[in-house]
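All remarks here apply to the structure that follows.
Given below as structure tokens:
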């Protein structure tokens with residue numbers, strides 16, 4: 001009987017076949033043995049421009065041209081490898097020091113082995129994506145070599161060999177092969193092929209085998225300017241020595257094993273959720289878990305157990321006797337841990353003396369409370385499912401640097417204080433303290449050991465001096481993950497070739513005119529803020545013979561220029577939205593489209609997507625239709641201009657009358673919306689006025705509200721609702737819509753209680769209508785701002801509106817709570833929002849203008865798009881606000897003004913004041929009131945803080961106060977912000 | 001397939017065969033000793049996608065392949081705690097109900113040319129899985145934790161035409177496949193949802209083997225095997241060929257396992273240690289198989305055959321019939337009737353469980369197969 005197995009000896013091709021066996025565990029709990037056959041080949045090129053042999057067999061494109069080789073024929077040399085060198089890093093090199101590879105100073109001509117890439121993907125997806133980004137960049141010359149499929153470099157696993165050892169061996173073999181292969185090219189200067197690794201064992205074996213190899217640190221030292229780069233190598237180089245160094249007790253409890261956590265979560269004993277840190281108290285976090293309606297509290301360092309804001313963690317509910325109330329104290333990390341020495345390693349106690357004191361007071365307060373049942377369930381973190389660490393912007397804590405080492409190149413440990421107060425201090429080892437002090441720097445968190453009180457990280461790059469506009473703006477963009485790099489060439493290639501000369505074709509036979517209506521004859525105008533360049537909407541109205549009115553909303557036809565699935569579309573879908581900062585705009589689409597070709601500029605013909613209604617004089621929709629069109633805007637008004645024109649009775653031209661008609665209709669529309677229960681919410685909005693030349697901020701103004709603004713707003717809402725209905729009808733499963741969930745009643749508990757106690761007002765949150773009515777009732781005749789204040793606070797209790805794909809929700813869930821609309825989408829700003837662009841495509845398909853593109857139909861893809869744009873949208877808002885806050889601080893610089901403010905929130909050791917004039921909030925602590933800090937009595941029942949001793953005041957919620965607003969540079973965060981001092985209480 | 005078809009021997013041939021097998025020592029048609037097995041060729045690991053697989057080819061041309069696949073399954077705990085598993089000292093379990101565990105092994109047998117719901121096939125599968133399940137040590141190995149267990153799917157395929165009753169072939173192949181079976185290494189602890197090492201090379205064998213192969217196997221447990229044994233008269237014959245089976249007085253399927261020691265054997269199984277060498281064999285189950293001989297046509301004695309002038313002897317037909325169905329006539333084939341004799345059964349079992357006997361020999365032989 002002959003064997004049925006593939007006999008390796010007799011088969012002439014046996015050497016070309018290998019197999020890979022592993023166990024795969026699926027999500028559903030299945031465990032499978034997977035056998036993959038690997039077909040080895042010899043035509044995988046080395047991609048060195050020195051090599052002729054590989055060129056012959058290199059894969060070719062459709063035109064028969066071989067793909068261009070990546071690695072330079074004349075790579076840079078170092079002190080040790082003067083002949084030039086190619087780098088072959090192993091997995092841990094990428095894992096620990098990806099930032100190094102992204103440097104522009106060095107690290108060119110890198111061979112990324114397939115095995116390394118695969119391992120990296122398993123270990124860290126974000127790092128993998130960054131590496132893929134590097135391999136795509138042309139100037140870095142990173143080449144992915146498929147070593148596992150090349151006959152010469154394939155390594156079969158030996159018996160008893162661990163996977164890691166096998167992979168290391170594969171790396172070494174690939175390095176050896178590259179060296180041999182290059183030697184055969186007969187080039188004059190054969191570059192060295194150097195393995196980069198931080199694994200001691202791997203380095204030792206390489207040495208034995210005679211393969212050139214370096215540790216990261218050794219390699220960087222060979223480079224010019226190596227010292228600077230050294231900081232980017234994280235310090236977790238030697239696990240062994242680290243252990244010897246700190247034999248002390250671990251400070252934090254150990255995490256559960258993954259399987260234990262998963263079992264617990266499945267059985268409902270543990271809970272999984274995103275960890276959020278309270279913005280006022282860094283020792284208090286909360287986790288919203290699906291099992292409970294209210295978030296669970298996580299209090300104290302030990303319970304937080306090394307989680308950082310945004311991490312996906314698993315928590316265990318603590319026994320009832322450990323339940324607590326959320327803190328009424330403001331606890332800032334910097335204030336409490338101010339004098340910690342980053343060098344002195346922790347002495348075995350995570351909770352420092354001061355922290356403990358803060359906690360005692362907390363307990364005292366909880367115990368003196370008479371009312372029971374206020375305590376909220378608390379929990380402790382037992383494990384982290386997924387870290388959500390990103391790069392953080394911060395600056396070095398100057399107070400913790402020893403004076404003697406301010407100069408010199410000695411490596412030193414310092415604390416970096418992140419800009420985001422929710423992020424704990426990061427320990428950083430650097431040699432360039434002197435240079436980095438006073439700079440905005442970007443750092444990465446590497447690890448957080450059980451034995452270390454703070455996470456450790458490494459330096460990535462410096463953004464520039466603190467408080468310079470460039471550094472602060474970049475810091476802001478980085479913090480909110482805004483993609484601000486210039487558009488790559490591949491994106492710009494998608495633009496029309498004519499550039500700014502592009503025009504709507506003259507001839508109506510041009511394919512661009514196909515199915516387009518000629519609306520050039522209509523009196524269309526646009527109304528936007530002053531200086532708006534990306535005009536994406538325009539309006540018109542005209543009376544119809546039957547007494548009804550035709551109203552048209554014309555939206556820039558962006559989908560004509562941005563075709564699905566090309567590079568520009570991909571980039572736009574990643575950016576998601578245009579981000580508006582005070583002095584800067586980060587576009588979603590290249591300038592050419594956004595401010596010219598798509599923008600509905602006046603006096604020129606533009607493609608548009610029009611929504612045309614026939615409205616009755618009472619603003620009821622008689623019918624609606626959608627069409628692609630060509631329009632010619634007669635005028636681009638600013639809100640103010642339009643308002644002046646409307647108010648000026650002397651203006652009786654056709655355009656002005658039509659605006660008046662629109663205005664009258666918009667009022668009716670608004671009334672209808674309000675009757676349906678739409679909320680009029682509020683957030684403090686201000687505008688920073690800049691000096692035109694230097695764009696230095698000179699003044700801050702609150703935004704005025706003009707009728708013309710609500711004119712535009714109403715018709716945009718109307719268009720969005722009409723479009724939403726249409727696309728949902730056409731694509732019931734895949735329409736891209738926007739919903740605003742009804743907020744859970746518990747969100748309003750606090751506010752309702754505050755209003756009841758302080759003002760005797762009742763907040764009815766049964767429905768949006770009821771809420772709108774009770775918000776209307778919240779008036780204080782003597783204080784007109786009170787109503788706005790309540791609206792601002794109510795807004796903060798709301799859910800965030802979100803984009804979604806219609807198939808993921810039931811129809812009743814489509815409701816937009818704030819607008820009181822059954823269905824809603826975004827259609828009117830395709831230049832600056834990707835959702836609108838997607839809606840355009842769907843609408844175009846729905847009216848039969850173009851075929852349904854697969855990307856418009858694929859639910860999975862649309863869901864991913866929605867998820868991304870929801871995040872981007874939110875970040876853009878936050879970035880915008882942060883930018884305003886920064887400039888408000890700058891505008892106030894050196895000035896001191898007294899303003900009226902309102903108490904928004906009250907703690908036992910301070911209170912938050914909102915100053916509507918500047919739209920800023922400021923915290924006034926007890927110790928800011930007077931020196932020495934006055935004693936205070938805090939009554940949580942009536943939200944009153946009564947101080948005695950050095951200064952006697954009584955502050956309560958909603959109270960109007962007089963504060964002195966000055967600017968102040970916060971030493972700890974390095975942010976210039978407003979500082980408020982209490983002048984008097986009204 | 002049934003044990004009863006395909007007998008194409010004349011009564012005279014049957015009578016001859018029966019006679020020669022009844023001699024002491026018996027003379028088998030292929031010249032084997034009574035306890036001798038037919039030569040076989042075996043290999044393992046022929047199906048890369050399975051957890052374990054084996055193939056055995058007998059010299060008569062019959063050939064079988066067995067593949068073992070394992071899947072994680074949630075253990076259903078009965079309402080009254082029936083079937084609840086209690087953790088023992090060695091991390092092993094005591095079985096409670098037992099019914100739950102029969103479901104942990106699913107076996108399908110496929111014989112070419114026979115429907116899969118054929119009674120013979122079903123009987124074969126039942127016999128093979130019965131042997132496995134009777135060995136509680138085997139089922140214990142499938143335990144992961146209180147909440148989960150492995151479910152084994154054994155797919156047994158006869159790839160040659162069924163030239164002889166395939167029970168021994170299938171059993172030996174199954175045994176070998178189980179020997180080569182590996183299960184992914186468990187990484188989680190306690191009653192957590194199981195979580196496994198993704199490294200196949202780290203996967204342990206279902207039946208762990210000692211480091212040095214060969215002789216140290218004595219203390220180690222093995223999957224059970226089911227042997228086909230038959231008796232003709234007082235002679236006990238192992239591994240009967242198709243023709244031999246056709247004249248068997250009794251045919252038994254005997255499942256045995258090589259238990260590690262008698263201490264492990266619960267009291268309901270009588271330890272059958274008869275000698276100090278070889279393995280501790282434990283009897284798991286016995287099934288009598290309806291031998292094909294029962295359905296063979298009887299021979300007719302000359303005396304009763306009219307062609308030989310039976311009628312000339314003036315005997316009445318009534319008498320002639322009495323002779324045909326009554327007492328046996330020397331040299332004339334007559335299908336065996338009645339059950340097996342108790343003495344023979346006893347001897348048969350004794351022979352199987354003999355230390356250093358046939359079973360040891362077979363296990364030794366299978367031990368030698370490389371589990372690549």
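Protein chains in written order, with full-length UniProt numbering: chain A, 1 to 986; chain B, 1 to 372. Backbone N, C-alpha and C define an ideal beta-carbon position, used for all residues, glycine too.
- Counting only Cβ-Cβ distances below 8 Å, residue 196 of chain B has contacts in chain A at 23, 25, 31, in chain order.
- Secondary structure of residue 320 of chain A (DSSP, three-state): helix.
- Residues of chain B whose Cβ lies closer than 8 Å to the Cβ of residue 266 of chain A are, in chain order, 193.
- Annotation: the continuous beta strand (DSSP E) that includes residue 386 of chain A extends over 379-386.
- Bridge pairing for residue 979 of chain A: A:966 [DSSP].
- Exclusion of the five residues before and after residue 728 of chain A leaves 735, 737, 806, 823 as the residues of its chain whose Cβ lies within less than 7 Å of its Cβ.
- Selection A:287, A:291, A:294 evaluated against residue 303 of chain A yields A:287 as nearest (Cα-Cα).
- Partner residues in the beta bridge of residue 899 of chain A, as assigned by DSSP, are A:963.
- Nearest C-alpha to residue 835 of chain A among A:639, A:574, A:24, A:649: A:574.
- Residues of the same chain with a CB within less than 8 Å of the CB of residue 159 of chain B, apart from the 5 flanking positions on each side, are 63, 64, 65, 112 in chain order.
- Remark: C-beta atoms of residue 178 of chain B and residue 223 of chain B approach each other more closely than 8 Å.
- If you draw a straight line from the Cα of residue 362 of chain B to the Cα of residue 10 of chain B, it comes to about 33 Å.
- For residue 51 of chain B, the closest Cβ of chain A is nearer than 8 Å.
- In the three-state reduction of the DSSP assignment, residue 834 of chain A falls in the helix class.
- Any Cβ of chain B closer than 8 Å to the Cβ of residue 701 of chain A would place that residue at the interface, and such an atom is absent.
- For residue 508 of chain A, the secondary structure class from DSSP, reduced to helix, strand or coil, is coil.
- Non-local beta-carbon contacts of residue 19 of chain B in its own chain, meaning distances under 8 Å to residues more than five positions away in sequence, involve 331 in chain order.
- Secondary structure note for residue 107 of chain B: its beta strand (DSSP E) is the uninterrupted segment 105-110.
- In the DSSP secondary-structure assignment, residue 86 of chain A is bridged to A:193.
- Annotation for residue 143 of chain A: the continuous beta strand (DSSP E) segment containing it runs 142-145.
- The Cβ of residue 369 of chain B sits no closer than 8 Å to any Cβ of chain A.
- For the pair of segments examined, the region 492-502 of chain A was found to touch the region 557-573 of chain A: the number of CB pairs separated by less than 8 Å reaches three.
- Shown here is that no member of the region 374-386 of chain A has a Cβ falling below 9 Å from a Cβ of chain B.
- Closest in C-alpha terms to residue 195 of chain A, from the list A:779, A:256, A:111, A:233, comes A:111.
- Residue 719 of chain A and residue 665 of chain A have their C-alpha atoms spaced approximately 14 Å apart.
- Going by DSSP, residue 880 of chain A is part of the alpha helix (DSSP H) stretching over 859-891.
- Beta-bridge partners of residue 639 of chain A (DSSP): none assigned.
- Taking a cut-off of 8 Å on C-beta distances, the region 187-201 of chain A touches the region 213-220 of chain A, as three or more cross pairs fall below it.
- For residue 140 of chain B, the secondary structure class from DSSP, reduced to helix, strand or coil, is helix.
- Where residue 659 of chain A is concerned, the enclosing alpha helix (DSSP H) starts and stops at 654-676.
- Here DSSP, grouped into helix, strand and coil, assigns residue 44 of chain A to coil.
- No Cβ-Cβ contact shorter than 8 Å links residue 538 of chain A with residue 560 of chain A.
- Between residue 344 of chain B and residue 231 of chain B, the gap from beta carbon to beta carbon is short of 8 Å.
- Relative to the Cα of residue 874 of chain A, the nearest Cα in the group A:935, A:800, A:898 belongs to A:800.
- The C-alpha of residue 809 of chain A is placed about 56 Å away from the C-alpha of residue 951 of chain A.
- For residue 793 of chain A, the three-state secondary structure derived from DSSP is helix.
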